[in-house]
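S.K.: In our numbering, the protein residues as written are 21 to 238.
The beta carbon of each residue, even a glycine, is placed where N, CA and C say it ideally should be.
Structure below; questions to follow.
Quick look at the structure:
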């Protein structure tokens, strides 16, 4: 699994009393990581692609977590068909980063849908998040820095106030390659930008923080 999933799960800092759902769960890695790290009282994932959904269900079963994690095969654009409004404390997502029609689109549907906004857009994700979140509920996402303006505008348009941002850099001298962002539903404006997260030391090895996130020694 990718670094993105590890980073967004750690950044989410989910409470063990929370109900949490992963939008566009893919193979289910985020729910699995969330359970391993935080053990929230309820974890769900929703995935539109049948192949990915079946893989997520299989991964949950392989880890003997069927009673802890539930996966739905469905479209977040039709979220009202599956779940009740305001039923979650925390929504987390690692959505497609690229707008439809930009970048190189893979010939493999599974990869293309994961990378490009073909089956859902950023606005679709945020509309679903707003519907699912309780008042003052938490939204956590990992995305690309070049989409940050869109992200902030669309979060606010959907009633999710950006609260914390953290940029991720490959090394201390590189531009940000990812942005971690957290917002709260129906809250007043106030934004904190945390110190950057650096992945690699100058010698190319992982930083202490990244090793800690992966649960390994430096």
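By alpha-carbon positions, which one of 234, 90, 109, 185 ends up nearest to residue 36?
M.R.: Taking only the C-alpha atoms, the option nearest residue 36 is 109.
S.K.: Would you call the region 89–109 in contact with the region 60–79, where contact means no fewer than 3 C-beta pairs closer than 8 Å?
M.R.: A contact exists between the region 89–109 and the region 60–79.
S.K.: Candidates 116, 156, 29, 203: which alpha carbon is nearest residue 67's?
M.R.: Taking only the C-alpha atoms, the option nearest residue 67 is 116.
S.K.: Check whether the Cβ atoms of residue 40 and residue 112 lie closer than 8 Å to each other.
M.R.: Contact: yes.
S.K.: Tell me which same chain residues have a C-beta within less than 7 Å of the C-beta of residue 168, skipping the five on either side of it?
M.R.: Excluding positions up to five away in sequence, the list reads 199.
S.K.: From the DSSP output, which residues share a beta bridge with residue 202?
M.R.: Answer by DSSP bridge pairing, in chain order: 160, 184.
S.K.: Measure from the alpha carbon of residue 196 to the alpha carbon of each residue in 160, 152, 216, then state which is nearest.
M.R.: Nearest of 160, 152, 216 to residue 196, Cα basis: 216.
S.K.: At what residues does the beta strand (DSSP E) containing residue 87 begin and finish?
M.R.: Unbroken run through residue 87: none, as it is neither H nor E.
S.K.: From residue 184 to residue 214, what distance separates their C-alpha atoms?
M.R.: Cα-Cα distance, rounded: 7 Å.
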